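In the order they appear, the protein sequences are chains H and X.
If you read the first sequence in my numbering, its first letter stands for residue 1, the second for the next number, and so on.
If you read the second sequence in my numbering, its first letter stands for residue 458, the second for the next number, and so on.
One structure is given here, and the rest of the page talks about it.
2 protein chains.
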Amino acid sequence: MNIDAAIAELDSFLGDRCSRSKSDLDQHGTSETHFAAFPPDAVVWPENTAEVSKILTICNRHECPVIPYGAGTSLEGHTSAINGGVSVNFGRMNKILRLDPGDVDVDVQPGLTREELNRELRATGLFFPVDPGANASIGGMASTRASGTTAVRYGNMRENVLGLEVVLADGRIIQTGSRARKSASGYDMTALFLGSEGTLGIITRLTLRLSGQPEVISAAFCGFDRMKDAVDAVIQTIQMGIPVARIEFVDTDTVRAINQYTGMDFAERTHLLLEFHGSEKAVAEDVRRFGEISDDFNGLDYMSTTKAEERTALWTMRHKAYYACLSLRPGATAVVTDICVPISKLPEAFEETRADIEAASIPGPILGHMGDGNFHAVLLIEPGNAAELAEAKNLAKRMSERALRLGGTITGEHGIGIGKLDLMDAEHGASWDVMGDIKRTLDPVGIMNPGKLIRGN
Amino acid sequence: MNIDAAIAELDSFLGDRCSRSKSDLDQHGTSETHFAAFPPDAVVWPENTAEVSKILTICNRHECPVIPYGAGTSLEGHTSAINGGVSVNFGRMNKILRLDPGDVDVDVQPGLTREELNRELRATGLFFPVDPGANASIGGMASTRASGTTAVRYGNMRENVLGLEVVLADGRIIQTGSRARKSASGYDMTALFLGSEGTLGIITRLTLRLSGQPEVISAAFCGFDRMKDAVDAVIQTIQMGIPVARIEFVDTDTVRAINQYTGMDFAERTHLLLEFHGSEKAVAEDVRRFGEISDDFNGLDYMSTTKAEERTALWTMRHKAYYACLSLRPGATAVVTDICVPISKLPEAFEETRADIEAASIPGPILGHMGDGNFHAVLLIEPGNAAELAEAKNLAKRMSERALRLGGTITGEHGIGIGKLDLMDAEHGASWDVMGDIKRTLDPVGIMNPGKLIRGN
């Protein structure tokens, strides 16, 4: 490994788009959550695929680690340069490359954020539905197989990325997928790179499937005195096949945090926040049918609205929930858990988790995308407090083990990074070895985002 | 390679579940379409995963080719034993392994057919939506990433398989995915095996996502004098986001074939066949909205029905279309094409294909899943007529090249097998090499379904 030699070459090739300034290194080494900082040795800003290919060719020759960097919103330390090396920032590769009238797909560069994309799409009658909350980059969302509030209706990145351009570790450029909505042509290489967290190659272009902006959107919410009733209402909704576009759960602690943080005044009880998309009649019918379910499970104050400003307020509030939870304990950082279980196992997963957190000494509001069986506890700890970190990690580990016992997964949408490596063996066993075999086949030198996802990587 | 030694071991291990009878070999070597027969040297019928593992361990040691065999309904010669070896027939691994009340997923063995599965599900209020027409095995559908008439609404196997148990070439048994609806946990190993056509391992168990049986189902159809109007009506439907459950296209030749074959009396013009799923009000609204589109594009005789027997008649008829087309030319066999293009490119892809076939000397009815951008020409040729086979293959090649030029794929749902190998380089380029690298990593001896999908496999 000769990182300095790699950086010297990158420096002469990229000029002021290669930085070793402390502020750049620090910014690229920090994480949204509790992880220690691991700054890279340099940051580069490529402007096109050919430059990315050249960067990788140089780094591969010098065995220099390469860490792709989008918007830095990932939660499992995906962008930490734990062995040093070069962060590749996609801030200058953030363009829409193709958007033609009549098409229901678009080609974008990885540094484009989802909010920028949807702003550009507004006039077309189309939108990109995947919404992880944070204004993540599309490349980052692809790399972690992101989902979020709308996955229950529109799917996650898996269902909404049709094709990719990828630069492999040795600089080769490949295309995966196509603009077709489906294909049976060979291995699903697109799916292989989605969620590979930069360990197999660097995504330099994405073809995204778009959806039509719904004729009518109705947002709704209702409260529950008993959390179990809210969970059961979600299960009933999914089993009946009501096509909810979002069905989000926030517990009492989360509601309290949101009220404090945003100045709203939701009743301090568990809430479901919903959205319905479709024709006027279909949406009205969905709102009515969910109202019946709410009644069946003792829902309170069921309200719905089709007014844009009220909807926006509701979802802005939901999207601020993470920061609101952090503010419950001033100065705190968080261990954010992310389990996903079969819908029918939600009550068990949820009640056990709730009891576990109540017995602990640290706060842990719970919220989630219950329609997918996916929920988070935001475990609030004091930065630098080793005992609290250990307690939070222990709670998180028990949640993950619970998810596996119930037939689920240790992460519904945040990914592995460095935060969940110690649980991979329990979830995947020999399949994790095969992931490692594939990793070493595509990246024999081992430069691609080392230390993430793969055993002993 | 020592096929005889492998079979001798299999014979002593499996007894009368290992056959070398000519009728068994012939049955497993033939294809639904125009391919020459390539019988295996033996056929085995395992009864559980451990036996599959032992079969592969034996075959791997003797470098004996292994060809998984489900219902034999694939169209690209996937089950041909082109280098001889052992066909593994899953007829005795056809059970439902788990189906619990309240769950919206099910565990099945690969030999179960989709019709058997849906018969078992009938009482549960759930169904498995992927419907390729033929009564294929679930394992075969997974191996070719099958889709069919309902993919426009419910997705294909990619969206409806949550997890797999797979036996690798060396006999190791791995699990992929879970029962959770989504996951960001490591590489998407489930997606890697879906569509891998038995070249990476053998699927021995599948966890399938189920959907709720719709409250109301309405089938509908309408005719068009101009094919272009029908195509434009499909595009408009998709762009408006009307949640059609099926939207199928049959051209005039196909309608004529169906009338002859089934005794129906559809007007001999292009038709769209549709289905709408949902609540009573939502379905009524969808039927009405499509009616407006039909009017806008000069649709004729738009009819809809919610009567089960009428719906069944319509779809039985559609599912017989392949055999109906064959009967247009008594004694014929077929080269079946399968391109899929971006929705906005359907008119171009379709018109050029139509003109190309009209200029040829062989008949080629066109039908397809237009809502996905996927359509087929059934090119009818005389068995053994080399000139006609060459002409059909040339038409098929031009269709595939057209699909690629328009941003699409050479196969929407039938897969590669031996039939489309010569087009893989044009579609995937260097990405095909990476598929080969992955293949050799998982199957270094090269026993898994040799000659299919991979370059020089």
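Even for Gly, the Cβ is constructed at its ideal location relative to N, Cα and C.
Just so you know, these numbers come straight off a predicted model, no measurement behind them.
So which of the options has the shortest CA-CA distance to residue i?
i, options, result
"H:Ala136", "H:Gly148, H:Gly125, H:Gly384, H:Ser19", "H:Gly148"
"H:Asp225", "H:Glu401, H:Leu208, H:Phe297, H:Asn83", "H:Phe297"
"X:Gly830", "X:Pro558, X:Leu837, X:Leu803, X:Ile819", "X:Leu803"
"X:Val618", "X:Val609, X:Lys639, X:Leu625", "X:Lys639"
"X:Ala648", "H:Glu159, H:Val231, H:Asn259, H:Gly198", "H:Glu159"
"X:Val545", "X:Arg629, X:Val688, X:Gly529, X:Glu766", "X:Gly529"
"X:Met905", "X:Thr664, X:Leu730, X:Phe650, X:Ala778", "X:Phe650"
"X:Ser675", "X:Asp743, X:Gln484, X:Thr661", "X:Asp743"
"X:Ser642", "H:Thr176, H:Leu389, H:Thr204, H:Ala146", "H:Ala146"
"X:Leu824", "X:Ile796, X:Phe584, X:Gln696, X:Glu466", "X:Ile796"
"H:Thr204", "H:Leu406, H:Arg354, H:Ala36, H:Pro68", "H:Pro68"
Tell me the rounded alpha-carbon separation between residue i and residue j.
i, j, result
"H:Asp251", "X:His885", "48 Å"
"X:Ala770", "X:Val565", "29 Å"
"H:Pro46", "H:Phe13", "10 Å"
"X:Leu621", "X:Asn613", "16 Å"
"X:Leu921", "X:Arg477", "Any answer about residue 921 of chain X is impossible in this case: the structure gives chain X only from 458 up to 914."
"H:Arg402", "X:Ala599", "29 Å"
"H:Pro214", "X:Ile704", "20 Å"
"H:Lys439", "X:Ala507", "28 Å"
"X:Asn851", "X:Leu836", "11 Å"
"X:Arg786", "X:His535", "25 Å"
"X:Asn842", "X:His491", "11 Å"
"H:Asn94", "H:Gly111", "4 Å"
"X:Arg751", "X:Thr762", "A quick correction: the sequence has Ser, not Arg, at residue 751 of chain X. X:Ser751 and X:Thr762: Cα-Cα distance of roughly 16 Å."
"H:Cys325", "H:Pro383", "15 Å"
"H:Tyr154", "H:Leu75", "23 Å"
"H:Gly291", "X:Arg666", "26 Å"
So with Cβ pairs under 8 Å, would you call residue i a contact of chain H?
i, result
"X:Ser751", "no"
"X:Pro567", "no"
"X:Lys639", "yes"
"X:Leu729", "no"
"X:Ala677", "no"
"X:Ser761", "no"
"X:Ile875", "no"
"X:Ser736", "yes"
"X:Arg786", "no"
"X:Ala739", "yes"
Quick check: is the beta carbon of residue i nearer than 8 Å to any beta carbon in chain X?
i, result
"H:Thr409", "yes"
"H:Pro458", "Residue 458 of chain H is absent from the structure shown; chain H starts at 1 and stops at 457."
"H:Tyr187", "yes"
"H:Gln175", "yes"
"H:His414", "yes"
"H:Arg246", "no"
"H:Ala50", "no"
"H:Leu467", "Outside the modelled stretch of chain H, which goes from 1 to 457, sits residue 467 of chain H, for which no answer is possible."
"H:Ile238", "yes"
"H:Ser465", "The structure shown has nothing for residue 465 of chain H, since chain H only spans 1 to 457."
For residue i, count neighbouring Cβ atoms within 10 angstroms of its own Cβ and tell me buried if that reaches 16, exposed if not.
i, result
"X:Lys877", "buried"
"X:Glu808", "exposed"
"H:Ser400", "buried"
"H:Asn48", "exposed"
"X:Gly414", "Only positions 458 to 914 of chain X appear in the structure, and residue 414 of chain X is not among them; the question remains open."
"X:Ala677", "buried"
"H:Asn60", "buried"
"X:Asp758", "exposed"
"H:Asp437", "exposed"
"X:Glu572", "exposed"
Short-range partners of chain H found in the region 884 to 904 of chain X, where Cβ spacing is below 9 Å: Taking 9 Å as the Cβ-Cβ cut-off against chain H, the residues of the region 884 to 904 of chain X that qualify are Glu884, His885, Gly886, Ala887, Ser888, Trp889, Asp890, Val891, Met892, Asp894, Ile895, Lys896, Arg897, Thr898, Leu899.
Residues from the region 130 to 155 of chain H in contact with chain X, defined by Cβ distance under 8 Å: Residues Thr144, Arg145, Ala146, Ser147, Ala151, Gly155.
Interface positions of the region 813 to 835 of chain X facing chain H (Cβ-Cβ less than 8 Å), listed along the chain: Residues passing the 8 Å Cβ filter: Asp829, Gly830, Asn831.
Residues, ordered as in the chain, of the region 204 to 236 of chain H that lie near chain X by beta-carbon distance below 9 Å: Listed by position, the residues of the region 204 to 236 of chain H near chain X (Cβ gap below 9 Å) are Thr207, Ser211, Gly212, Gln213, Pro214, Glu215, Ile235.
Near-chain H residues of the region 848 to 859 of chain X (beta-carbon distance less than 9 Å), N- to C-terminal order: Within the region 848 to 859 of chain X, no residue qualifies.
The region 467 to 494 of chain X: positions lying closer than 8 Å to chain H by Cβ: Residues: none.
Contact list for the region 542 to 562 of chain X against chain H, Cβ threshold 7 Å: Residues Gly559, Asp560, Val561, Asp562.
Against chain H: residues of the region 646 to 658 of chain X by CB proximity under 7 Å: Against chain H - using a Cβ distance shorter than 7 Å - the residues of the region 646 to 658 of chain X are Met646, Ala648, Leu649, Leu651, Gly652, Ser653.
Cβ-based contacts, 8 Å cut-off: residues of the region 254 to 269 of chain H near chain X: Residues of the region 254 to 269 of chain H with a C-beta less than 8 Å from any C-beta of chain X: none at all.
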